[in-house]
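Novice:
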Amino acid sequence: MKIYLQLLLALFISLGVSDSFAANVEPDELIKQTSEKVLSALDLNKEKYETKPEELFKLVNDIILPHLDFRAMSKLALGKNWRKANDEQQLRFTDAFKSMLIRTYSKSLTEYAGQEIKFLPYRPPAEGKRTTKVKTVIDQGTGPDIPIIYSLRIKDDIWKVYDIKIDGISLVTNYRNSFASDIRKVGIDGLIEKLRAKSAGKAEKA
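Residue numbers are given in numbering that gives the first Met the number 0: position 20 of the sequence shown equals residue 19, and the series is strictly consecutive.
1. Which residue wins for smallest C-alpha separation from LYS128, given the options LYS134, VAL160, LEU119, GLY142?
2. Could you compute how far the alpha carbon of THR93 sits from the alpha carbon of GLY167?
3. Indicate the three-state DSSP secondary structure (helix, strand or coil) for VAL216 in the structure shown.
4. Our contact map puts ASN80 next to ALA179 with C-beta atoms below 8 Å; I'd like the distance itself, whole angstroms only.
5. Whose C-alpha, out of ASP155, ILE187, LEU41, THR130, is nearest the C-alpha of ASP162?
6. Using the three-state DSSP reduction, which class does ALA199 fall into: helix, strand or coil?
7. Round the Cβ separation of ILE101 and PHE56 to the nearest angstrom and send it over; I've been treating them as touching at under 8 Å.
8. Skipping 5 residues on each side, what residues in its chain have a beta carbon closer than 8 Å to that of TYR121?
9. When DSSP builds the beta bridges, which residues end up paired with VAL136?
10. With DSSP collapsed to three states, give me the class of THR93.
11. So the candidates are SER98, LYS97, ASP86, ASP144; which of them puts its Cα closest to the Cα of LEU119?
12. Taking 8 Å as the cut-off, decide whether the C-beta atoms of ARG91 and ILE191 are in contact.
13. Tell me the rounded alpha-carbon separation between ASP188 and GLN89.
14. Helix, strand or coil: how does DSSP classify GLY186 here?
15. Within the same chain, show all residues whose beta-carbon is closer than 6 Å to that of VAL136, passing over the 5 residues directly before and after it, in chain order.
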């Protein structure tokens, strides 16, 4: 799977915000108002994060995770196989998937090199509980712009991200085919153990 730098930036930018703030603003403002703060932190601490990746893991765990709906992400990633798993397997898969994503993506945040983020006009959803209309664009300068679409829903009165599409590719559903293949070969428990093994190893390169 090709991991885009822009995906990591999108996650980091959109989620570095307190729960009280997230509960009182529209999704687009949540993303927009935290961008400067987070990108500044990346610029100021780039060398530290490169030499001490555990600091970046901690940062992701403390700041980003509270704003991700990992149960919804896990359901999307497994597709029809989610319903075939029992409650205990669903819990273990969600935990293993979360750990794998943290380990896989954290180090790529150090690759930020000053790309500009453009925020496109936002149209709030009619029902007010879910939106897939929060759009930004990464300006790469010499290369083509990269569109980003955030999917968020309200859970426990707080907006949480359950998917991000980068240039049309979903962070979550992009795993579905490989997970389905693993389940056919080794079952849901085998897939969980495979994800745990990845988490226990070195973070994957982008």
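Glycine included, each C-beta is placed from N, C-alpha and C at the ideal position.
Specialist: Taking the geometry as given:
1. Here the question's residue 128 lines up with position 129 in the sequence shown. That would be VAL160, whose Cα lies nearest to the Cα of LYS128.
2. In the sequence shown, counting from the first residue as 1, residue 93 sits at position 94. In the sequence shown, counting from the first residue as 1, residue 167 sits at position 168. Whole-angstrom Cα-Cα distance: 24 Å.
3. No answer is possible for residue 216: it lies beyond the span of the chain, which begins at 0 and ends at 205.
4. As a first step, residue 80 must be located in the sequence shown, where it is residue number 81. As a first step, residue 179 must be located in the sequence shown, where it is residue number 180. Confirmed, about 6 Å.
5. One-based indexing of the sequence shown puts residue 162 at position 163. Comparing Cα positions, the closest option is THR130.
6. Sequence index remark: in the sequence shown, residue 199 carries index 200 (1-based). Helix at ALA199.
7. Position 102 of the sequence shown, counting from 1, holds the residue named residue 101. Position 57 of the sequence shown, counting from 1, holds the residue named residue 56. That pair is a contact at about 6 Å.
8. In the sequence shown, residue 121 corresponds to position 122, counting from 1. Result list for TYR121: GLU25, PRO26, ASP27, LYS132, VAL133, LYS134, in chain order.
9. Position 137 of the sequence shown, counted from the start, is the residue given in the question as residue 136. LYS117, PRO146.
10. The residue labelled residue 93 in the question sits at position 94 within the sequence shown. In this structure, THR93 counts as helix in the three-state DSSP scheme.
11. By 1-based counting over the sequence shown, the position of residue 119 is 120. Among SER98, LYS97, ASP86, ASP144, the Cα nearest to that of LEU119 is on ASP144.
12. Mapped onto the sequence shown, residue 91 falls at position 92. Mapped onto the sequence shown, residue 191 falls at position 192. Yes. Within cutoff.
13. Position 189 of the sequence shown, counted from the first residue, corresponds to residue 188. Position 90 of the sequence shown, counted from the first residue, corresponds to residue 89. Cα to Cα, the separation comes out at about 10 Å.
14. Numbered from its first residue, the sequence shown carries residue 186 at position 187. Helix.
15. Against the sequence shown, residue 136 aligns to sequence position 137. So the qualifying residues of the chain are LYS117, ASP144, PRO146.
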